[in-house]
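If you number the sequence shown the way the numbering used here does, the last residue is 300 and the count never jumps.
For every residue, glycine included, the Cβ atom is placed at its ideal position computed from N, Cα and C.
Notes follow the structure.
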Amino acid sequence: MSYGDRDTARIVVGVDGTGESRHAVAWALEEAACRKEAVELVHAYEYPPPLVPFYDAATDLGEDSLRAVARDAMTRELAATAAEAPGVPVTGEVREGVPIEVLLDAAREARLLAVATRGTGALGELVVGSTGTALAGSAACPVVVVPAPRGHGSPDAPGRVVVGVDGSTHGQAALRQALEEGALHGRTVVVVHAWHPVPGGLSASAAAQQRRLRADAVSHELLVSETLAGEGQRFPEVAVGTRVVEDHPVRALLDAAGGASLIVVGARGTGGYPGLELGSVALGVLHHATCPVCVVPD
3 MSYGDRDTAR IVVGVDGTGE SRHAVAWALE EAACRKEAVE LVHAYEYPPP LVPFYDAATD
63 LGEDSLRAVA RDAMTRELAA TAAEAPGVPV TGEVREGVPI EVLLDAAREA RLLAVATRGT
123 GALGELVVGS TGTALAGSAA CPVVVVPAPR GHGSPDAPGR VVVGVDGSTH GQAALRQALE
183 EGALHGRTVV VVHAWHPVPG GLSASAAAQQ RRLRADAVSH ELLVSETLAG EGQRFPEVAV
243 GTRVVEDHPV RALLDAAGGA SLIVVGARGT GGYPGLELGS VALGVLHHAT CPVCVVPD
């Protein structure tokens, strides 16, 4: 069931009637207001619900009733968004199907797909966490995973945008997205690159090891400079800072993200394996960040 007309330039939000999904909606409304774009709310329901054995015998809630509940939830959601952001065009759609498949289909031509960190599910956070990571690894557009706010994290909050780069095409796409967000909201972008030294061998002297470490540090600084050279010219108005550190990428990004409004990472990096939908760095940041995380496909 569809409510209103679909706008091509839009942000799609997965909703399920929970307080958690309201945070994703609020984030999308503020982002859409800045972009002067539309928001499409999508509510997916499955019949029978997954992981609920003997559903028909255990409840009187049939398929028609379940659909009616979903439609009622969407009606309430649309009323809330109209009051919260009257200037943002908002449409809503209720679909039967697996939430991952429904949202991937709805977001094929979207600007962004926003989802909550957690929502409903028979196994709670584990199931919904898997849904969020599956979307982040498979969507054709950037996916923003929005946690419950902890004093920061809305698009209009004063906070920098933190982005991880590693020389990969995914990192380049993430940098482009971060600079766009910085330009849109007037925020500083902090570019983070973490690296590990390559062992020089047991026979190498301490002085040789130090020389190698200095050379490695210079090469990684150069990598970041070259990565910024192309993309930075497209956004000259954005103030950019860099952090090139010898550390684990997840820890480096989280350390840089204290008080940030958004962390941007590529879906995969240079260390991933072909066929993996989502890299370990993106997964680590999604699991531990306290502000919204944007995962960008190549």
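Asked: Within this structure, are the beta carbons of Glu223 and Val246 separated by less than 8 Å?; Found: yes
Asked: In three-state DSSP terms, what is Cys143?; Found: coil
Asked: Who are the Cβ neighbours of Asp300 in its own chain at under 6 Å, not counting the five residues just before and after it?; Found: Thr171, His172, Ala175
Asked: Rounded to whole angstroms, what's the CA-CA distance from Pro157 to Gly260? Just pull it up for me.; Found: Model confidence at Pro157 stands at a pLDDT of 49, short of 50, so the residue's coordinates are unreliable and nothing is read from them.
Asked: Say whether the region 16-31 touches the region 140-152, bearing in mind that this needs 3 or more beta-carbon pairs closer than 8 Å, one atom from each stretch.; Found: yes
Asked: Quick check on DSSP: helix, strand or coil for Thr119?; Found: coil
Asked: Under the DSSP definition of a beta bridge, which residues are partnered with His289?; Found: BP columns for His289 are empty, so no partner.
Asked: Does the region 226-243 come within contact of the region 183-191, defined as at least 3 CB pairs closer than 8 Å?; Found: yes
Asked: Verify whether the separation of the beta carbon atoms of Val44 and Glu95 is less than 8 Å.; Found: yes
Asked: Where does His195 land, buried or exposed, given buried means 16+ other C-beta within 10 angstroms?; Found: buried
Asked: Which value, in whole angstroms, describes the spacing of the CA atoms of Glu48 and Pro88?; Found: 31 Å
Asked: Considering only residues of the same chain and omitting the five flanking positions on each side of Leu225, which have a CB-CB separation below 6 Å?; Found: Gly169
Asked: Between the Cα of Pro101 and the Cα atoms of Thr93, Leu137, Thr83, Leu114, which residue gives the shortest distance?; Found: Leu137
Asked: Buried or exposed, going by whether 16 or more other CB atoms sit within 10 Å of the CB of His289?; Found: exposed
Asked: Would you mind giving the Cβ-Cβ distance between Val92 and Val145, rounded to the nearest angstrom? I have them listed as a contact below 8 Å.; Found: That pair is no contact at about 19 Å.
Asked: Using DSSP's beta-bridge definition, name the partner residues of Ile102.; Found: Paired residues: none, contrary to the question.
Asked: In the DSSP assignment, the beta strand (DSSP E) including Arg12 goes from what residue to what residue?; Found: 12-16
Asked: Return the residue from the list Thr133, Arg78, Arg270 that minimises the CA-CA distance to Gly21.; Found: Arg78
Asked: Can you list, in chain order, the residues of its chain whose CB lies under 8 Å from that of Arg253, leaving out five sequence neighbours each side?; Found: Ala196
Asked: I'd like to check one pair, Val15 with Ala116: are the Cβ atoms closer than 8 Å?; Found: yes
Asked: With distances taken from CA atoms, which of Ala34, Asp66, Arg113 is nearest Glu86?; Found: Ala34
Asked: Excluding sequence positions up to five away, which residues of its chain have a Cβ less than 8 Å from the Cβ of Gly234?; Found: Leu181, Val240, Val242
Asked: How close, in whole Å, do the beta carbons of Val163 and Leu255 come, if the pair is a contact with beta carbons under 8 Å?; Found: Actually they are not in contact, since the Cβ atoms of Val163 and Leu255 sit about 12 Å apart, beyond 8 Å.
Asked: DSSP state of Gly94, grouped into three classes?; Found: strand
Asked: Would Leu114 and Ile13 qualify as a contact pair, given that the criterion is a beta-carbon distance under 8 Å?; Found: yes
Asked: Rounded to whole angstroms, what's the CA-CA distance from Gly109 to Pro251? Just pull it up for me.; Found: Per the sequence shown, the amino acid found at residue 109 is Ala instead of Gly. About 29 Å.
Asked: Which residues in the same chain have their Cβ closer than 6 Å to the Cβ of Leu177, if we skip the five residues on either side of it in sequence?; Found: Val165, Val167, Glu233
Asked: Do the CB positions of Pro304 and Val147 come within less than 8 Å of each other?; Found: What the structure shows of the chain is the stretch from 3 to 300, and residue 304 is not part of that stretch, so it cannot be assessed.
Asked: Over what stretch of residues does the alpha helix (DSSP H) that includes Leu2 continue unbroken?; Found: In the structure as shown, the chain begins at 3 and stops at 300. Residue 2 is therefore absent and cannot be evaluated.
Asked: Check whether the Cβ atoms of Thr381 and Gly134 sit closer than 8 Å, and answer yes or no.; Found: With the chain covering only 3 through 300, there is no way to say anything about residue 381.
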